[in-house]
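Visitor:
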Amino acid sequence: RKEVEQDPGPFNVPEGATVAFNCTYSNSASQSFFWYRQDCRKEPKLLMSVYSSGNEDGRFTAQLNRASQYISLLIRDSKLSDSATYLCVVNPLTGGGNKLTFGTGTQLKVEL
Amino acid sequence: DVKVTQSSRYLVKRTGEKVFLECVQDMDHENMFWYRQDPGLGLRLIYFSYDVKMKEKGDIPEGYSVSREKKERFSLILESASTNQTSMYLCASSLLGQASFQPQHFGDGTRLSIL
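Respectively, the protein sequence lines represent chains A and B. Using this note's numbering, you'd call the opening residue of the first sequence number 1 and step up by one each time. Using this note's numbering, you'd call the opening residue of the second sequence number 1 and step up by one each time.
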């Protein structure tokens, strides 16, 4: 089983739609979780951290379910500019120095 | 804003050459990382360092070495480049924080082609 698993997509949605991605992780001791966004041929950029209580940043909401070992990202009112690959990232707390494990990403395409 | 700078955006080298990829960060971060990213495989950790002169193997260290002589600089070395090392290479840095809630900040990446 992969440490971090995501549906690769692509998710093709119309502008204005609400879309949700899930990501599962295998290490129950993992303590920190992030969503990164990566545009084509660009570097990953931090979108948001994911906290136990869930957190919201504008149109984006992240949730953590420790019992089922998954995190989710909800995007409301999708914009064309949201088209990107979304990477689920987990700190498994193995090794030193804040090592992170990246999922392979879910591709989102927002269309007119 | 954190700035992570990689020395080259695009690089073409020949099989057997020794290749140096340089990365510099300006935020006094303790941790630095080198990844490669390939289609369908995502980001894979090659090496990381959490202090000057310290290094740890990541998931795919074979064929690579690293150097961290100064806190702000982390170099990736391909000892004898091979065609299967053609990839996008990404450098990242982060703080060595407690509770590990420290995201990583990435450079623009280097697209390396080995001919």
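Glycine included, every Cβ here is placed at the ideal spot set by N, Cα and C. Here the structure is a predicted model, which means the values were calculated and not measured.
With a floor of 3 residues, list each beta strand (DSSP E) that falls wholly inside the region 10–67 of chain B, ordered by position along the chain.
Guide: Counting whole runs of 3 or more residues, the region 10–67 of chain B contains the beta strand (DSSP E) stretches 10–13, 19–25, 31–38, 42–49.
Visitor: Can you say whether L90(B) is buried or exposed, counting buried as having 16 or more other CB atoms within 10 angstroms of its CB?
Guide: With 16 or more other Cβ atoms within 10 Å, it is buried.
Visitor: Taking the C-alpha atoms as reference points, what is the distance between N91(A) and Q102(B)?
Guide: The straight-line gap from Cα to Cα measures roughly 9 Å.
Visitor: For S125(B) and Y86(A), what's the separation of their Cα atoms in angstroms?
Guide: This structure leaves residue 125(B) out entirely; chain B is present only between 1 and 115.
Visitor: Secondary structure at T85(A), three-state DSSP: helix, strand or coil?
Guide: If DSSP states are grouped into helix, strand and coil, T85(A) belongs with the strands.
Visitor: To the nearest angstrom, report how far apart I60(B) and E79(B) are at their CA atoms.
Guide: If I take the Cα positions, the gap works out to 14 Å.
Visitor: Taking V4(B) as the reference, give the member of E17(B), Q37(B), M54(B), N31(B) with the closest Cα.
Guide: Here the closest residue by C-alpha is N31(B).
Visitor: Just the C-alpha distance for E56(A) and R76(A), rounded to the nearest angstrom, thanks.
Guide: Distance between the alpha carbons of E56(A) and R76(A) is about 11 Å.
Visitor: Can you tell me the Cα-Cα spacing of E69(B) and L41(B), whole angstroms?
Guide: Computed Cα separation, rounded: 30 Å.
Visitor: For N22(A), does the three-state DSSP call read helix, strand or coil?
Guide: In the structure shown, N22(A) sits in a strand (DSSP, three-state: E or B).
Visitor: For I71(A), which of K79(A), S78(A), Y51(A), D82(A) has the nearest alpha-carbon?
Guide: Measuring from the Cα of I71(A), the nearest candidate turns out to be Y51(A).
Visitor: Under the three-state reduction of DSSP, which class applies to L96(B): helix, strand or coil?
Guide: It is coil, neither helix nor strand.
Visitor: How long is the line joining the alpha carbons of L21(B) and N65(A), rounded to whole angstroms?
Guide: In a straight line, the C-alpha of L21(B) is about 39 Å away from that of N65(A).
Visitor: Once you ignore the five residues that flank V12(B) on each side, which residues in its own chain have a CB closer than 7 Å to its CB?
Guide: Cβ within range, chain order: S113, L115.
Visitor: In whole angstroms, what is the alpha-carbon distance linking R1(A) and R9(B)?
Guide: Each residue's Cα considered, the two are about 34 Å apart.
Visitor: Name, going along the chain, the residues of the region 48–65 of chain B whose beta-carbon falls closer than 7 Å to a beta-carbon of chain A.
Guide: Under the 7 Å Cβ criterion, the region 48–65 of chain B contributes F48, Y50, E56.
Visitor: Can the beta-carbon of G107(B) be found closer than 8 Å to that of S82(B)?
Guide: Cβ atoms of G107(B) and S82(B): not closer than 8 Å.
Visitor: Could you spell out where the beta strand (DSSP E) holding D7(A) opens and where it closes?
Guide: Here D7(A) belongs to no beta strand (DSSP E), and DSSP marks it neither H nor E.
Visitor: Grab the span of the beta strand (DSSP E) containing R37(A) for me, first residue to last.
Guide: Run containing R37(A): 32–38, per the beta strand (DSSP E) assignment.
Visitor: Please report how far the alpha carbon of V19(A) lies from the alpha carbon of Q69(A), in whole angstroms.
Guide: Roughly 20 Å separates the two Cα atoms.
Visitor: With H, G and I counted as helix, E and B as strand and the rest as coil, what does DSSP make of N84(B)?
Guide: It is helical.
Visitor: Can you find a C-beta in chain A that's less than 8 Å from the C-beta of A99(B)?
Guide: Only weak support is given to the placement of A99(B): the predicted model assigns it a pLDDT of 43, under 50, and the value that follows is read from those uncertain coordinates. Answer yes: the Cβ-Cβ gap between A99(B) and chain A drops below 8 Å somewhere.
Visitor: Spatial neighbours of V89(A) within its chain, please: CB distance less than 6 Å, with the 5 preceding and 5 following residues excluded, ordered by chain position.
Guide: Only F34, Y36, L100, F102 meet the Cβ criterion.
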